[in-house]
Amino acid sequence: MATPSAATRKKLQRKFRLRGWTPSRRPPPSWPASPTPRTTPSTSSSTSSTRSRSSILDRDAVRRVVALLVEAEEAVDAASPAATSARSALRVVDSFVVPRFHYDPIKKVFYEHTSRLLIHGEAGDKAALYRDRYQRLARDKYFSKPAFDTVMTEDDNCEITSIQSLIGCTGRRWIMGVISQLEERQFYLEDLTGANSITSFLSTEHKITSGFFVENTVILAEGELLSNGIFQVNTCGFPPLEDREASLSMLMGLDFFGGGVIAAEETVRLSTLEKKAMNDMFVILSDVWLDSSETMEKLGVVLDGYDSVEAVPSLFVLMGNFCSRPCNLAFNSFEELRLQFGKLGEMIAARSRLKEHSRFLFIPGPEDAGPSKALPRCTLPKYLTEELQKHIPNAIFVSNPCRVKFYTQEIVFFQQDLLYRMRRSCLIPPTTEETSDPFEHLVATITHQSHLCPLPLTVQPIIWNYDHCLRLYPTPHTIVLGDKSEQKAFKYAGITCFNPGSFANDSSFAAYRPCTKEVELSALES
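In structure tokens form, the structure reads like this:
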């Protein structure tokens, strides 16, 4: 093997250092076993058994990893091309299998959480929920102080002052913190500098940006600390939205989405296939009430229409709620709902072309049957769906929210009456300078917060250890919000966002073409 050049060696050493590893020709010394062994970041799941007790990598360790990668590549090549293509075209990711990462602010690297995540977390897990959200938004280069004394305008750089450091400071300052209500009707800003470093948040005449400012959101505020300890805000807004490509370049091949790490060569191949998939289409319906005869008749009309077209849709996404009544403790018609799922299976199976060529994805709604109302919601109980699966064996039942990867495109589906709840919890009326459309304000809020549901935990409970499943980092290509409000489609900062509408209420639904990222808002004639 040829000796690598000095430039290549330097590049490799830099890549290893960014991941916390030190390459060495000599074997590493005897280190005690670390409490949490780490896997080599460049390996896939097939190499997860290769562990290292030290941050120093010797020649033998690298050779073992390379050998495992070669074996994995040979196994992929041995598979049939048709099966590989079908498997890589559409991947559905349940929220409870999305990997979790921790950020090390000292080394500025991410580490994957390898231990088991508990559903019922401890107090420290709740604190970690807020810390991880805050750290994600505080990492933006806009807040970094320049290393050299270069001339920079306010548009280029914004140095953040910690709340603890505000005491004794005069003049205009920029702070970033989480809006908290520690006392009734008294709102504060908190950051990571400690429980005692709390400053009051005063709503005065000030300039704000688009979005819903609710409790638990992270905001960026410019103002001055008054003598009475109140921070008088002149301008406030959300932290800047990080570009997807910038996020991916920093993540260094880590799988935040959950669809698996794809090699650069495979990404190019899948991107080419994605551009050629002109006939692929997703049909999304929200609020499919199975106990409503009117809704089922309308659904039959939709299925008949798509069964008769030349190229049937590749995916139907049916989002809850699947019953017109909440499936709570007072609900006693589970046997009837089970039979209604079976009738839906018969309805789909009667359209032979759809049954053979289309796939059906079922996402539960907030009022559907399940163990709790906390997010993320698990899949529908098997008791309700097994009759449907007898007719549609390839039906997919996943959590809410869930993620779909179509070739290289990342799509997030979320069913929740989010717009209504965000407007009710809003502390400051949203500005109308940029837009007066509530849906556009909603999209701006969740994208800048990098979170699907930035509501207070008292309004919408979230499983503390699975809060990462609702984060939008890196930003996906498309976000589908199943909401009861009027159907809308809006493109924001390169992200396609749309609400298909409520099918049970106004017969509205949406068709999405992933090849062109075009959204067709549709509705049946009344």
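All the letters of the sequence shown, read from the start, carry residue numbers 226 to 751 under the numbering used here.
Note that the Cβ used here is the ideal one computed from N, Cα and C, for glycine as well.
Note that the structure is a prediction, hence the values are computed from the model and not measured.
Three-state class that DSSP yields for residue i in the structure shown
i	result
ALA232	helix
PRO663	helix
ASN730	helix
ALA292	helix
ARG244	coil
GLU519	helix
LYS716	strand
TRP689	helix
PHE639	strand
TYR737	strand
PHE412	strand
LEU554	coil
VAL537	coil
GLY530	helix
MET503	coil
ARG341	coil
PHE547	coil
PHE559	helix
VAL508	strand
LEU473	helix
ILE281	strand
ILE385	strand
SER390	helix
LYS709	coil
ASP480	coil
LEU682	coil
GLU750	coil
ARG494	helix
Spatial distance of residue i from residue j (CA atoms)
i	j	result
GLN674	ASP285	44 Å
MET475	TYR691	23 Å
GLU611	ILE444	46 Å
ARG494	PRO626	28 Å
ILE792	LYS351	Nothing can be reported for residue 792: it is not among the residues displayed for the chain, which extend from 226 to 751.
PHE397	GLU449	In the sequence under discussion, the amino acid at residue 397 is Arg, which differs from the Phe named in the question. Going by the C-alpha atoms only, they are around 5 Å apart.
TYR632	GLU499	6 Å
LEU652	ILE404	10 Å
GLN641	ALA232	52 Å
THR247	GLN238	7 Å
LEU342	ALA292	31 Å
VAL629	GLY483	9 Å
GLY346	SER597	15 Å
LEU294	GLU522	52 Å
TYR328	GLU659	34 Å
MET477	ALA718	23 Å
ILE455	GLN406	15 Å
GLU755	VAL317	Shown here, the chain extends from 226 to 751; a query on residue 755 therefore has no answer.
GLY485	VAL322	11 Å
VAL705	VAL744	11 Å
LEU562	ASP512	15 Å
SER387	VAL458	15 Å
Contact belief for residue i with residue j at Cβ below 8 Å, rounded distance in angstroms
i	j	result
HIS702	ARG358	With 8 Å as the limit, HIS702 and ARG358 do not qualify as a contact, their Cβ atoms being about 22 Å apart.
CYS722	PHE715	5 Å
ILE671	LEU644	Actually they do not touch by this definition, with Cβ atoms about 11 Å apart.
PHE326	PHE481	7 Å
GLU665	SER435	7 Å
GLY595	PRO589	6 Å
SER751	ALA735	Contact flag wrong, Cβ pair sits at about 18 Å.
Bridge-paired residues (DSSP) for residue i
i	result
ASP329	VAL334
ASP319	CYS627
LEU432	Note that residue 432 is Lys in the sequence shown, not Leu. LYS432 is bridged to THR460.
GLU449	GLN457
THR703	ILE636 and THR721
CYS651	VAL439
HIS676	ARG696
TRP514	Beta-bridge pairing links TRP514 to no other residue.
LEU600	ILE687
ARG398	GLY448
ARG584	LEU540
VAL744	TYR737
ILE621	LEU586
ILE404	LEU414
Beta carbon proximity, residue i to chain D, threshold 9 Å
i	result
ALA363	Reference to chain D is not applicable here, since this structure consists of a single protein chain.
*asked:* I want to know whether the stretch 572-589 touches the stretch 536-544 - three or more CB-CB distances under 8 Å.
replied: yes
Review point. Can we say the stretch 402-420 touches the stretch 439-447, given the rule of at least three CB pairs closer than 8 Å?
Key: yes
Checklist entry - Given 8 Å as the limit, is there contact between the stretch 545-555 and the stretch 503-518, that is, 3 or more CB pairs closer than that? => result yes
- Would you check if there are 3 or more beta carbon pairs closer than 8 Å linking the stretch 518-532 to the stretch 485-494? no
* So, do the stretch 631-641 and the stretch 565-578 have three or more beta carbon pairs nearer to each other than 8 Å? -> no
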